[in-house]
Amino acid sequence: SIPPFVANNPPSKSSLFDLFPFLEASQLLEIARHELRPADLYKLDSRFRDRADINRPDDSKGKSSAKDYPSLHSFLTPLFTYFRVLSAFATSSGDAEATRVIADGSAHYYEHLVDLHQRYEWLAVVKYHLQYHLIRRRDMVNGDYSGWGRTDGDLMNRFLYSRVRIHPNSGSKCDSPSPKSKSSKPLGEQPCFNFNKGECTTVPCPEGRAHKCRLCGRDHTEKKCK
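Each residue of the sequence shown is one higher than the one before, counting from 10 in our numbering.
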């Protein structure tokens, strides 16, 4: 049987203001109330926040856009802080299940974003997130935090499928198809990458791809290919 969890240090009684002294009180309240605008996520990281403000014209100071996230790193850093605050807020309520759901969902979403970054143009991925976060924000207002663990096929179809990243000098078996393979093979005939990793079990596939091995084309995952 699984042993009981043992910790040498007692649970912290610190407030969010004590745990995150580098954030403004208004930012913590926006996260706790699920009112933080998705486009303002960069403000949770002072390094990228200050750099973005310097590069922004005077007449657009305070206005956020997808261009405030020039790289995956500039995006994941404040997102990690966002989920830390959200998890700490759930922990302070004593709701262990909500804390677990947020931890699981954030881990899944990190992996999802890294996968999207490898397959699609970065600006398109950011636009996908901005809409995805708006939906999650509404869910969280109603007490539902499970959405972070789900992909959104409709949003992917809207923002990503037409923005496939082209990798120069890529081989025939890389994750992203070459321009030639994109034009010659319809999306419905392309193997689902998440299915091959054992993560996509929904039928039909929410990404509109085929649930088949990307190595041999049969109806099993890549791990089972012999």
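Quick reminder that beta carbons are idealized off the backbone N, C-alpha and C, glycines included.
Given the structure is predicted, the values throughout are model-derived calculations rather than measurements.
Annotation: the continuous alpha helix (DSSP H) that includes Ser96 extends over 81-101.
Among the bridge pairs identified by DSSP, Ala219 is matched with Pro200. In this structure, DSSP gives Val173 an extended state, which the three-state scheme calls strand.
Assignment of Tyr78 by DSSP, reduced to helix, strand and coil, places it in the coil class. Ala34 sits away from Phe98, with the two beta carbons spaced by 8 Å or more. Secondary structure at Tyr129: strand, using DSSP grouped into helix, strand and coil. For Arg109, the secondary structure class from DSSP, reduced to helix, strand or coil, is helix.
By the C-beta criterion, the region 138-153 is judged not to be in contact with the region 99-106, since fewer than 3 inter-stretch pairs fall below 8 Å.
Taking all protein chains in view, the Cβ of Pro12 is surrounded by fewer than 16 other Cβ atoms within 10 Å, so the residue is classified as exposed.
Taking 8 Å as the cut-off, the beta carbon of Pro47 is found closer than this to the beta carbon of His138. For Arg167, the uninterrupted alpha helix (DSSP H) run begins and ends at 162-168, by DSSP.
For Gly226, the secondary structure class from DSSP, reduced to helix, strand or coil, is coil.
For Ile40, the enclosing alpha helix (DSSP H) starts and ends at 34-41.
Taking C-beta separations shorter than 6 Å and ignoring five residues to either side along the sequence, the partners of Asp228 in its chain run Lys221, following chain order.
Judged by DSSP in its simplified three-state form, Pro47 adopts helix. If you look at Asp27, you'll find it in the alpha helix (DSSP H) that goes 25-28.
Linking Ala107 to Ser155 through their CA atoms gives a straight-line distance of about 9 Å. Measuring C-alpha to C-alpha distances from Phe29 to each of Pro87, Asn205, Arg159 identifies Pro87 as the nearest. Taking a 10 Å sphere around the C-beta of Pro200, we find 16 or more other C-beta atoms and assign the residue as buried.
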